[in-house]
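Residue numbers (our numbering): 5 to 587.
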Amino acid sequence: MSLQIRRLYEWLIDRLGLNRLPFRSVPYSYVTLEFWLGAIVAASFIWLGISGLLLLLYYDYVNPAETNRRLLESKPFFKPLLTSHLIAANIMILGAVAHMLRNFLVGAYKRPREILWIIGVLAGFMALQTAFFGYSAIGDKIAVEAINIGIGFVSSSFGEYTGKILASIAFDVSESTRYLRIIALHIIFAFTLGLLFILHFLLFEAHGIHPSPKETKWRNEPTTVDEKRSDMAPWFPVNLTYILVITFGVWGMIFILSAILQSIGWIHQLLYPLPIFEGTDVAEKARPMPPWFLVYAFKLFQLSFLYTPASLQEIIPALEGFRALPVFIASFIVPPLILTVIPFIARGRTTHPLDNMLATFILGLFLTYMVQLTVWGAITLSFHSVLTALTVFITPILVLIPGLRLLRVAWLDMNIKSDAIIFTASTIVAIILPFAALIATEGYRTEVGIGDAISGLLGVVIAGLYLGIVAFYTFRFESSSEQEYISGSVEVKSVPGILIAVAISELFLIVFTGILLALIDPLVEPILATSLIGLLLLSIYGLSYTLYRVITIDHKPYKGHGEELLPHSLVLAGLVVTILIAL
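Structure follows, in structure tokens:
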């Protein structure tokens, strides 16, 4: 019987042409989450497309807030659908940042992948604009405030005449059709983002996967993996199965995170997963603020020294309506420009981040500033002077410069004593400085507040975390080898029974959660329904991972029960969350 099934399987593969797909193969050792972070972004985007189309069927541009309020109260599974759409957007953005950082640290942005990097940067910033119009389309209090902030930002950046034209293009001047314009732009931006994703994928296929630094020893050559290697995994079924693993894992976590945030309730408006409608208790707690991924721009808008000086406006009257233009440039032109030029300023002879110090420093400072501005904007709501801004922005510089210098000296196997002392002293100064400024400026007009000091301290933490990640990639590849990986593995002749037992358990969970979803009332228990959907998807993820290991067991050594069962802990976490919510 098994022989007949195998023949049927091979017949289907041949007739469907799955063994002749044009996609590139990768080595079995590359089929790991680290190499496939881009799949997290793609999986999130696919769910955004599916859920977005379903939400569009119910969208009412005349009064979206009231329609959404009514649907949340009367339409089964509308709350899980809407919240999952919002959470998926957040995961896509965070996944894109992780994907970018990892590719930088392994040198996957260098020749011949400069255009691939640039397309990725464009896609990332297009995702921010798409998400902004998506949040605005909800029509709740946050959406109204985000629209008003956007109109004010554009109007004060491009002059009275041009600013009004641009604001009317983006948000429409008519209240009755404003949300029709917003949802239309959201769809247009999403479609454009999809095209950029496709172009990004095609360029990736053209160049192939970037070789691991473990194999190249950080050399610029070769730039791609030799497809004649004996350890290449066929795209079907190996790569396809792993894509399904990541897809269902991401989708499951989207719903589980949504359920957790709904259960917790109000912490901060940036973490609240539901629309904030006027007249509700949470609406009284919300402050004027855009979605979290644009809070950095909102905070830059509050740095008064970035505006066109009044004295310059008196000399050049034409600048009078362009007060906020420097802030607009700092918010939406400079960030993508910084990331775009990174491949061209990384002139090191190798792909090692410590051999491309300027690019590594700039990226670290950029990421730290983005986090600082986001948190700073979330905890403070006031305009700031140059002194206050310096208190916040100087701290990561005091950590990154000596920290990267210390790592480079250690990487070159030189004496690190003096550099370690300098780094320690500089970090201590960076920790003390914000609070010293807080005490010293108390009572002055340019007073540094506690929120400013905390944001400055955060710069030390994020810069230190960045240095830790750089160090991890530096010394990980210096010390590891494929032989060490193999020596820690266990040779097996067949699929271990424990994997079969886990697969049966996850199959049971799929059936059980499906039955529960059919029995419960999603309007009465919307959070439980959300969690059950997440558990169902995570169970499919776990089953898919077992299938992946069955397929690859002859090519990827079994690494022992502990490490092999670790991916299934995600299913266990989803089960625990669901049980706690049910109780």
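For glycine and all other residues, C-beta sits at the position ideal for the given N, C-alpha and C.
In this text the structure is predicted, and so the values were computed from the model without any measurement.
query	result
Using 6 Å as the cut-off, classify the Cβ of Ile186 as near or not near the heavy atoms of the ligand FAD, replying yes or no.	By its list of ligands, the structure shown contains no ligand whatsoever, and the ligand FAD lies outside what it can speak to.
Taking buried to mean at least 16 other C-beta atoms within 10 Å of its own C-beta, is Lys560 buried or exposed?	buried
So Gln266 and Thr534 are supposed to be a Cβ contact under 8 Å. How far apart are they, rounded?	7 Å
So what's His272 in DSSP terms, helix, strand or just coil?	coil
Run through the DSSP bridge pairs and tell me what Met236 is partnered with.	Pro31
Whole angstroms is fine: what's the gap from Val554's alpha carbon to Leu511's?	16 Å
Within the chosen definition, does the region 514-524 reach the region 190-203 through at least 3 CB pairs nearer than 8 Å?	no
Using the three-state DSSP reduction, which class does Leu547 fall into: helix, strand or coil?	helix
Check whether the region 288-305 and the region 378-388 are in contact - that is, three or more C-beta pairs closer than 8 Å.	yes
Measuring straight from C-alpha to C-alpha, what distance separates Tyr34 and Ile524?	42 Å
Out of curiosity, what's the CA-to-CA distance linking Leu358 and Ile557?	37 Å
Helix, strand or coil, according to DSSP, for His190 in the structure here?	helix
Thinking C-alpha only, which one of Thr478, Thr87, Tyr549 and Ile50 is nearest Ile202?	Ile50
For His211, which three-state DSSP category applies?	helix
How would you call His565, buried or exposed, if buried means at least 16 neighbouring beta carbons within 10 angstroms?	exposed
Can you tell me the Cα-Cα spacing of Leu408 and Asn419, whole angstroms?	15 Å
Using the C-alpha atoms, what's the distance from Ser55 back to His89?	6 Å
Return the bridge partner residues of Leu307 from the DSSP annotation.	His388
How should Ala135 be labelled, buried or exposed, when 16 other C-beta atoms within 10 angstroms of its C-beta is the threshold for buried?	buried
Distance, Cα to Cα, Ile122 vs Gly128?	10 Å
Mapping the DSSP letters down to three states, classify Arg223 as helix, strand or coil.	strand
Using a 10 Å radius around the Cβ and a threshold of 16 neighbouring Cβ atoms, would you call His272 buried or exposed?	exposed
What's the C-alpha gap between Pro277 and Leu329?	33 Å
Nearest to Ile95 by alpha carbon, out of Leu275, Thr312 and Pro215?	Leu275
Rounded to whole angstroms, what is the Cα-Cα separation between His204 and Lys145?	36 Å
Write down the C-beta distance between Asp417 and Pro406 rounded to the nearest angstrom, noting that I regard them as a contact closer than 8 Å.	Wrong, their Cβ atoms sit about 19 Å apart, outside the cutoff.
How should Leu584 be labelled, buried or exposed, when 16 other C-beta atoms within 10 angstroms of its C-beta is the threshold for buried?	exposed
Check Thr354 in the structure and name its three-state DSSP category.	strand
Comparing C-alpha positions only, which one of Pro68, Leu437 and Ile502 sits nearest to Phe397?	Leu437
In the DSSP assignment, find the alpha helix (DSSP H) that holds His89 and state where it starts and stops.	Phe82 to Leu109
With the cut-off set at 7 Å, would you say Phe259 and Gly546 are in Cβ contact?	no
Does DSSP put Gly283 in a helix, a strand or coil?	coil
Within 8 Å, do at least three Cβ pairs link the region 172-183 to the region 64-72?	yes
Does DSSP put Leu394 in a helix, in a strand, or in coil?	helix
I'd like to check one pair, Ile250 with Trp40: are the Cβ atoms closer than 7 Å?	yes
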